[in-house]
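See below for the structure under consideration.
Numbering (my numbering), first residue to last: 5 to 180.
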(Lines of atoms letter the chains of each structure in order from A and count residues from 1; the text may use other names and numbers.)
(Lines give C-alpha, C1' and ligand atoms only; values in the text may rest on other atoms or scores of the structure.)
Protein backbone atom coordinates (compact mmCIF):
# COMPACT_ATOMS: atom_id res chain seq x y z
CA UNK A 1 0.00 0.00 0.00
CA UNK A 2 2.83 2.41 0.85
CA UNK A 3 4.39 1.75 -2.54
CA UNK A 4 1.15 2.72 -4.30
CA UNK A 5 0.81 5.93 -2.26
CA UNK A 6 4.46 6.79 -2.99
CA UNK A 7 3.91 6.17 -6.69
CA UNK A 8 0.80 8.38 -6.73
CA UNK A 9 2.68 11.15 -4.90
CA UNK A 10 5.62 10.89 -7.33
CA UNK A 11 3.28 11.07 -10.33
CA UNK A 12 1.51 14.13 -8.91
CA UNK A 13 4.81 15.92 -8.31
CA UNK A 14 5.97 15.03 -11.83
CA UNK A 15 2.72 16.41 -13.24
CA UNK A 16 3.20 19.65 -11.29
CA UNK A 17 6.76 20.05 -12.56
CA UNK A 18 5.68 19.51 -16.16
CA UNK A 19 2.72 21.88 -16.05
CA UNK A 20 3.81 24.58 -13.58
CA UNK A 21 5.06 27.09 -16.15
CA UNK A 22 3.02 25.89 -19.09
CA UNK A 23 2.81 28.32 -21.96
CA UNK A 24 -0.58 29.95 -22.30
CA UNK A 25 -1.42 30.63 -25.89
CA UNK A 26 -3.32 33.83 -26.61
CA UNK A 27 -6.96 33.44 -27.62
CA UNK A 28 -8.09 34.28 -31.14
CA UNK A 29 -9.16 37.75 -29.97
CA UNK A 30 -5.71 38.51 -28.49
CA UNK A 31 -6.30 37.87 -24.79
CA UNK A 32 -3.84 36.08 -22.53
CA UNK A 33 -5.75 33.70 -20.24
CA UNK A 34 -4.68 33.24 -16.62
CA UNK A 35 -6.03 30.22 -14.72
CA UNK A 36 -5.01 28.18 -11.72
CA UNK A 37 -3.20 24.94 -12.65
CA UNK A 38 -5.44 21.90 -13.09
CA UNK A 39 -3.72 20.29 -10.12
CA UNK A 40 -5.85 22.43 -7.77
CA UNK A 41 -9.01 21.09 -9.39
CA UNK A 42 -7.77 17.52 -9.04
CA UNK A 43 -7.19 18.12 -5.33
CA UNK A 44 -10.81 19.34 -5.19
CA UNK A 45 -12.01 16.14 -6.89
CA UNK A 46 -10.03 14.08 -4.38
CA UNK A 47 -11.67 16.04 -1.54
CA UNK A 48 -15.12 15.43 -3.02
CA UNK A 49 -14.37 11.71 -3.43
CA UNK A 50 -13.12 11.55 0.18
CA UNK A 51 -16.33 13.20 1.38
CA UNK A 52 -18.46 10.67 -0.50
CA UNK A 53 -16.33 7.75 0.70
CA UNK A 54 -16.50 8.79 4.34
CA UNK A 55 -20.27 9.31 4.08
CA UNK A 56 -20.73 5.79 2.69
CA UNK A 57 -18.45 4.38 5.39
CA UNK A 58 -20.35 6.26 8.10
CA UNK A 59 -23.70 4.88 6.90
CA UNK A 60 -22.24 1.35 6.97
CA UNK A 61 -20.89 1.92 10.51
CA UNK A 62 -24.23 3.28 11.71
CA UNK A 63 -26.00 0.23 10.30
CA UNK A 64 -23.55 -2.18 11.93
CA UNK A 65 -22.88 -0.55 15.31
CA UNK A 66 -25.71 1.91 15.87
CA UNK A 67 -25.62 5.68 16.35
CA UNK A 68 -22.46 7.24 17.81
CA UNK A 69 -22.49 10.07 20.34
CA UNK A 70 -23.78 13.49 19.31
CA UNK A 71 -20.36 15.08 19.88
CA UNK A 72 -18.71 12.71 17.42
CA UNK A 73 -21.42 13.41 14.85
CA UNK A 74 -20.95 17.18 15.20
CA UNK A 75 -17.14 17.07 14.97
CA UNK A 76 -17.04 14.57 12.09
CA UNK A 77 -19.83 16.39 10.26
CA UNK A 78 -18.07 19.74 10.57
CA UNK A 79 -14.77 18.33 9.30
CA UNK A 80 -16.40 16.54 6.39
CA UNK A 81 -18.48 19.57 5.36
CA UNK A 82 -15.28 21.64 5.42
CA UNK A 83 -13.58 19.10 3.13
CA UNK A 84 -16.61 19.17 0.81
CA UNK A 85 -16.66 22.99 0.72
CA UNK A 86 -12.93 23.25 0.06
CA UNK A 87 -13.15 20.63 -2.69
CA UNK A 88 -15.96 22.46 -4.45
CA UNK A 89 -14.15 25.81 -4.17
CA UNK A 90 -10.94 24.37 -5.62
CA UNK A 91 -12.85 22.86 -8.55
CA UNK A 92 -14.67 26.13 -9.27
CA UNK A 93 -11.47 28.20 -9.00
CA UNK A 94 -9.72 25.84 -11.41
CA UNK A 95 -12.34 25.21 -14.07
CA UNK A 96 -14.66 28.26 -13.96
CA UNK A 97 -12.54 31.18 -12.70
CA UNK A 98 -10.25 32.87 -15.23
CA UNK A 99 -8.66 36.21 -15.99
CA UNK A 100 -8.08 37.49 -19.52
CA UNK A 101 -5.71 40.38 -20.21
CA UNK A 102 -4.82 42.33 -23.32
CA UNK A 103 -3.43 45.77 -24.09
CA UNK A 104 -6.69 47.59 -23.25
CA UNK A 105 -8.40 45.72 -20.41
CA UNK A 106 -8.58 42.93 -17.85
CA UNK A 107 -11.62 40.63 -17.75
CA UNK A 108 -12.34 38.35 -14.79
CA UNK A 109 -14.84 35.49 -14.76
CA UNK A 110 -15.64 34.66 -11.15
CA UNK A 111 -16.28 31.25 -9.59
CA UNK A 112 -19.97 31.78 -10.25
CA UNK A 113 -19.40 32.62 -13.93
CA UNK A 114 -20.05 36.38 -13.59
CA UNK A 115 -17.75 38.53 -15.74
CA UNK A 116 -16.38 41.95 -14.85
CA UNK A 117 -13.89 44.05 -16.77
CA UNK A 118 -11.53 46.86 -15.96
CA UNK A 119 -9.71 49.08 -18.44
CA UNK A 120 -6.02 49.62 -17.73
CA UNK A 121 -6.60 53.37 -17.85
CA UNK A 122 -9.25 53.11 -15.09
CA UNK A 123 -7.06 51.23 -12.57
CA UNK A 124 -6.56 53.45 -9.53
CA UNK A 125 -4.93 51.07 -7.08
CA UNK A 126 -2.86 47.90 -7.28
CA UNK A 127 -1.94 45.90 -4.18
CA UNK A 128 -0.47 42.54 -3.31
CA UNK A 129 -1.60 40.59 -0.24
CA UNK A 130 1.29 38.47 0.99
CA UNK A 131 -1.06 36.28 3.03
CA UNK A 132 -3.48 35.30 0.25
CA UNK A 133 -0.83 35.75 -2.50
CA UNK A 134 -3.24 37.77 -4.63
CA UNK A 135 -2.76 40.89 -6.69
CA UNK A 136 -5.80 43.16 -6.53
CA UNK A 137 -6.52 45.78 -9.19
CA UNK A 138 -9.35 48.22 -8.54
CA UNK A 139 -10.93 51.35 -9.96
CA UNK A 140 -12.58 52.15 -6.64
CA UNK A 141 -15.74 50.17 -7.43
CA UNK A 142 -14.74 46.96 -9.21
CA UNK A 143 -11.99 44.64 -7.99
CA UNK A 144 -10.10 42.05 -9.97
CA UNK A 145 -7.96 39.59 -8.04
CA UNK A 146 -5.37 37.18 -9.43
CA UNK A 147 -3.59 34.51 -7.41
CA UNK A 148 0.17 34.24 -7.72
CA UNK A 149 -0.06 30.52 -8.57
CA UNK A 150 -2.11 31.23 -11.72
CA UNK A 151 -0.52 30.14 -14.96
CA UNK A 152 0.48 33.38 -16.69
CA UNK A 153 0.80 35.44 -13.49
CA UNK A 154 4.15 36.81 -14.69
CA UNK A 155 2.41 38.19 -17.80
CA UNK A 156 0.03 40.11 -15.53
CA UNK A 157 2.97 41.48 -13.53
CA UNK A 158 4.65 42.54 -16.80
CA UNK A 159 1.44 44.31 -17.93
CA UNK A 160 1.19 46.09 -14.57
CA UNK A 161 4.77 47.29 -14.99
CA UNK A 162 4.14 48.42 -18.59
CA UNK A 163 0.70 49.99 -18.17
CA UNK A 164 0.88 51.34 -14.61
CA UNK A 165 4.63 51.85 -14.08
CA UNK A 166 4.67 49.68 -10.96
CA UNK A 167 7.26 46.96 -10.53
CA UNK A 168 7.04 43.88 -8.37
CA UNK A 169 9.30 45.29 -5.64
CA UNK A 170 6.99 48.30 -5.16
CA UNK A 171 4.02 45.97 -4.84
CA UNK A 172 5.87 43.50 -2.59
CA UNK A 173 5.49 40.55 -4.98
CA UNK A 174 8.23 38.01 -4.23
CA UNK A 175 10.37 36.58 -7.01
CA UNK A 176 10.77 32.83 -7.18
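Backbone N, C-alpha and C define an ideal beta-carbon position, used for all residues, glycine too.
- By the CB criterion at 8 Å, residue 39 and residue 102 fall inside the cutoff.
- In this chain, the beta strand (DSSP E) harbouring residue 142 covers 138–142.
- Collapsing the DSSP output to three states places residue 101 in coil.
- Secondary structure at residue 129: strand, using DSSP grouped into helix, strand and coil.
- Contact check for residue 132 and residue 177: beta-carbon distance about 5 Å, within the 8 Å limit, so the pair qualifies.
- Residue environment for residue 171: exposed (fewer than 16 other C-beta atoms within 10 angstroms of its C-beta).
- By the Cβ criterion, the stretch 121–136 is not in contact with the stretch 82–91, since fewer than three pairs of Cβ atoms, one from each stretch, lie closer than 8 Å.
- Residue pairing by DSSP places residue 112 opposite 103 and 120 in a beta bridge.
- At least 8 Å separates the beta-carbon of residue 45 from that of residue 15.
- In terms of Cβ geometry, residue 10 and residue 52 do not form a close pair [threshold 8 Å].
- Rounded to whole angstroms, the Cβ separation of residue 130 and residue 139 is 7 Å, and the two are in contact under 8 Å.
- Collapsing the DSSP output to three states places residue 158 in a helix.
- For residue 170, there is no enclosing alpha helix (DSSP H), as DSSP marks it with neither H nor E.
- Listed in chain order, the non-local C-beta contacts of residue 164 below 7 Å within the same chain comprise 130 and 170, local neighbours out to five positions each way being set aside.
- Rounded to whole angstroms, the separation of the alpha carbons of residue 73 and residue 79 is 10 Å.
- Boundaries of the alpha helix (DSSP H) harbouring residue 69: 42–69, taken from the DSSP string.
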